[in-house]
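A quick write-up on the structure given underneath.
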């Protein structure tokens, strides 16, 4: 008896040790594994300002600032980042103005909250001044001579010393509560502050260099409206464009008393909807560019009598005026198919400078160039030379160093990824042939034999080739990487074929810029790209969404895989579709420019079943509740299965969630409202609706408890999590308004509310991870002022209702909901869970920390069944004792020191190996890596000792034979006795 | 707050049902739901009238066409269509479970109706040609939004305190005298000292004797 007890004890200890070991808290990399299966790409976002660095390394770097709150310096020879500063999130970090001249690089951010001077060489901040900030969000910054920086915020102007940031003076602006001050300009020895009062007047405040208000005048401008755009040109002329009657209003700042009006027609320009102005800063004359279309510009000269057309630039999409040695030149870019034509004009004479003319090869998938930034220089033989950067419609930045050739490009659209899918690569040619053999059933024996013979011959051939390559392999490979590093091109990449463990994928990225990319998961190189200038994301819940559907995977050879992007047409708001083969990027079923539908899309879904060619159709619902199927050939599938097609729409405006079923109606299919849930808009707003990943693999139907009984999981594929956020007024003696969040678990077929709970004094932003039978979400607890992570796990109980299939109509209505909450010690921006091929591997949750790390924690830590006091039974089950705080250790950070900023999402995808899950984090940076939540249990380690194992095996074999011989002899001799 | 609504009695909700198919079904009164408090899970249902033969025929038609039986509940006080929460179940299920259904009504924390759903014992279809039961057997269950989980720091701290106390108790319990606690170390040391020290004493004694 006693012995038995002791063996139980040791068993428990072993079990505990086992549990601790299987918890893969440590999964850090070795140093030499860095970059082996992960890659990191840094972006800056859509560039708003761009300057050639004039300080320390003039002409070698370009300084850029972007709308994603980034200030960076880009090497002009290869496009890599010399340094990058990511400023604060939210309105505090928005860059209002970037100023660069000589050694000075100053930014004004957060609506006039911060003025910072940067060292252009190293990217370090020299000084920072904090100002009260502007209520209207408008702020401006100018440099006046060598020792004064003037900053305008809504109610005051500050004079700062550019060397130290010391405030020299400040002056309050008059009537700052009525006038919106928008522009600050310096001319001669005066500063001019321009204020606007809509429908009334323009106020001009003149301040001198000592910070004394010289005069305040107002000029009547009854035409000022919301849509009026105003700019101040060099030479001190205010120019405003009125879209109502397509006219330009000009006012000379130094002495002008009235606005002079010139209509576009008089100038001989065709008015259009999208007129904008671009100031010319590099010359002293009052010049301005007027853009009337994507490829039509005009250079205007502002005189005392109004506006004069200096040069009409039809079919020009980007232009800049540059001066070198008192000579002003106009650079223009024209897009013609496959090329850009750059012409340069002498601004004084108007004649073309033929020696600077060049054509540049330009890919159509960048759209129209929008801006160029030219650097002029004199070559050794005193001829003029230039290098320039081009910013295009697709947010890309390209550089021309030598005439006619793009040296490099940066695809800044990749900082705006909205949807991700990882697609399996196709099998190699040989394997495909095998598939082909089994695919067709019509061949007779002779042809089948011939086919088999041919495939095997070709297999032999490739095998020999591979062996030969292996012999030369090492050197060849080395050469390859060098060449790639030099040219930066990915021409040397091998074919897109599946590897042994299906670890390498093609990542399809859909971006908010309207660009779709195919990227290799091995190195992050772009395989193909498409740009749709008219594609816009859906806007809902302040979240941008572009949908990406995988209609057919790579598994159905010879049918090619197919993906479809569903978005919105920019102009009309109607649906916009683009279907393509994700491996090659070629369009399928839709024209290469995308297909614009003639209706808006209110909801989308996928058909439950595949068609004869293994294609899964997309269902699109229009505002009249009619259902459309894409592609049209999948309509037959809907005709067969419409009875099981349900959809639901959550309306944020009304707080209603409506469920629909599909009904045939006069040859069409309509959605019929069958259930309605009212989430009380008065109190709260729907902020998130999170479903499960479709076709999720769940390995285990239940959970084995300590007493060897099974707790069955509630695995409802139709379950969605709806999150609402609201405010509630506390009626206690203290009173006050607090935030609250509510969570609803809805069955999207029946509308049954499976579970609902609320958190008082809790605030978003909330991220929900919904997988298998559990939901994990985070919220900010306002009472304890900390981030908390809650988990809900749903169980059917000790008996399973239906072990073969799940039906929303017959499932238990009130499953057991186990819940627990944990303290998250660090702030996170988003989170996701790992996915594996068969769902056997235990899950990990990956948190994107605001600090820049990706933290991977085992799901077992977020288990509601963690016992406060461990008992024999819980130890048997393997649950970890409850500790309120989640542990964070440095080894669980999977991106080691590669900090990631502004992470918007994490996408996980299964690999061919059950142990491995692929992770892509996107946001400002792209970071790809692999994780093994239960360690690498299905692959031998790299340092596995084959020799030792075979030696032992061989030894045992020898020993067996020898002992057999010996024992046989012995038995024989014994028999003789 | 929820209890305020029920002051001075119970609350009744009107449940309506429809046997129509098509996009604009018309609803008739099915019965009343009476609930005393949202907190208790149970509510009482009182049926208005048994199924009329007309309705029975309609129900049979619905079941034959594999159509749905709908239910709705008014929320708030307005009369526009937007103020209803609705649900449905396959009509077959209603018939195969002999008109016995179970209605769930979900309330939020202020006592407003958020949703309704309907459950039948089975949802399989049976041949309902000679179906003749006309009395409803409806039960109603009510759920209210629960409070979400929060970290259980209190009991964890208590557990830590308890452990600490136990440890402290373990220390205080051992208030035996120094000798009582460490006799097993002291005795051998003393013994050794006595054994080795005995010789010294003898030597010392001898020396003293020489002096005398």
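Chains as they are written, first to last, in full-length UniProt numbering: chain A, 1 to 977; chain B, 1 to 212.
Positions of the beta carbon are idealized from the N, C-alpha and C atoms, including for glycine.
Keep in mind the model is a prediction, meaning the values are calculated, not measured.
When rounded, the separation of the alpha-carbon atoms in residue 897 (chain A) and residue 523 (chain A) is 19 Å. Residue 18 (chain B) counts as buried, since no fewer than 16 other beta carbons sit within 10 angstroms of its beta carbon. Beta bridge pairing from DSSP links residue 32 (chain B) with B:14 and B:46. Residue pairing by DSSP places residue 536 (chain A) opposite A:568 in a beta bridge. Legend: CB atoms of the segment 748 to 766 of chain A lying less than 9 Å from CB atoms of chain B belong to residues 750, 751, 752, 753, 755, 756, 757, 758, 759, 760 and 762.
Of all residues in the segment 872 to 897 of chain A, the ones placed with a Cβ closer than 9 Å to any Cβ belonging to chain B are 882, 883, 884 and 885, in chain order. The C-alpha of residue 46 (chain B) is placed about 32 Å away from the C-alpha of residue 683 (chain A). Residues of the same chain with a CB within less than 8 Å of the CB of residue 101 (chain A), apart from the 5 flanking positions on each side, are 54 and 143 in chain order.
Within the model, the alpha-carbon separation for residue 871 (chain A) versus residue 74 (chain A) is close to 60 Å. DSSP assignment within the segment 811 to 841 of chain A yields the following whole beta strand (DSSP E) runs of 3 residues or more, N-terminal first: 816 to 824 and 828 to 833.
Those residues of the segment 21 to 43 of chain B placed with their C-beta closer than 9 Å to a C-beta in chain A are 21, 22 and 23, ordered along the chain. In this structure, the beta-carbon distance from residue 413 (chain A) to residue 505 (chain A) does not fall below 8 Å. Listed in chain order, the non-local C-beta contacts of residue 140 (chain B) below 6 Å within the same chain comprise 33, 43, 45 and 103, local neighbours out to five positions each way being set aside. In the structure shown, residue 183 (chain B) falls within a helical segment according to DSSP collapsed to helix, strand and coil. Shown here, residue 92 (chain B) sits in a helix according to DSSP, grouped into three states. Within the same chain, Cβ atoms closer than 8 Å to the Cβ of residue 224 (chain A) are found at 196, 197, 198, 199, 200, 201, 202 and 240, the five residues on either side in sequence being excluded. Contact with chain B is found for residue 810 (chain A), since one of that chain's Cβ atoms lies less than 8 Å from the residue's Cβ. DSSP places residue 958 (chain A) in the uninterrupted alpha helix (DSSP H) bounded by 946 to 976. Taking a C-beta cut-off of 8 Å against chain B, the contacting residues of the segment 675 to 692 of chain A are 675, 676, 677, 678, 679, 680 and 683, listed in chain order.
Spanning the alpha carbons of residue 555 (chain A) and residue 614 (chain A) requires a straight line of approximately 9 Å. When beta bridges are read from the DSSP output, residue 737 (chain A) appears opposite A:729. Under the three-state reduction of DSSP output, residue 393 (chain A) falls in the coil class, being neither helix nor strand. Per DSSP, the beta bridge partners of residue 240 (chain A) are A:230 and A:249. Nearest to residue 138 (chain B) by alpha-carbon distance, out of B:50, B:12 and B:10, is B:50. DSSP places residue 61 (chain B) in the uninterrupted alpha helix (DSSP H) bounded by 53 to 64. Beyond the five residues adjoining it in sequence on each side, residue 917 (chain A) comes within less than 8 Å, by CB distance, of 834, 835, 836, 841, 844, 908, 909, 910, 911, 930, 931, 932 and 933 in the same chain, given in chain order.
For residue 672 (chain A), the chain B residues whose Cβ falls inside 7 Å of its Cβ are 23, in order along the chain.
The shortest C-alpha to C-alpha distance from residue 179 (chain B) to any of B:152, B:190, B:149 and B:169 is the one to B:190. Contact check between the segment 76 to 84 of chain A and the segment 404 to 422 of chain A: three or more CB pairs, one atom from each, fall below 8 Å, which counts as touching.
8 Å or more divides the Cβ of residue 823 (chain A) from the Cβ of residue 832 (chain A). Between the alpha carbons of residue 415 (chain A) and residue 39 (chain A) lies a distance of about 15 Å.
Under the Cβ distance rule, residue 114 (chain B) counts among the residues neighbouring chain A, one pair being separated by less than 8 Å. Exclusion of the five residues before and after residue 938 (chain A) leaves 913, 914 and 915 as the residues of its chain whose Cβ lies within less than 8 Å of its Cβ.
Within the segment 45 to 110 of chain A, complete beta strand (DSSP E) segments of at least 3 residues are found at 47 to 52, 61 to 66, 70 to 75, 81 to 86, 95 to 101 and 104 to 109, given in chain order. Scanning chain B for C-beta atoms nearer than 7 Å to the C-beta of residue 801 (chain A) yields nothing, as the closest lies near 12 Å away. If you draw a straight line from the Cα of residue 232 (chain A) to the Cα of residue 96 (chain A), it is about 16 Å long.
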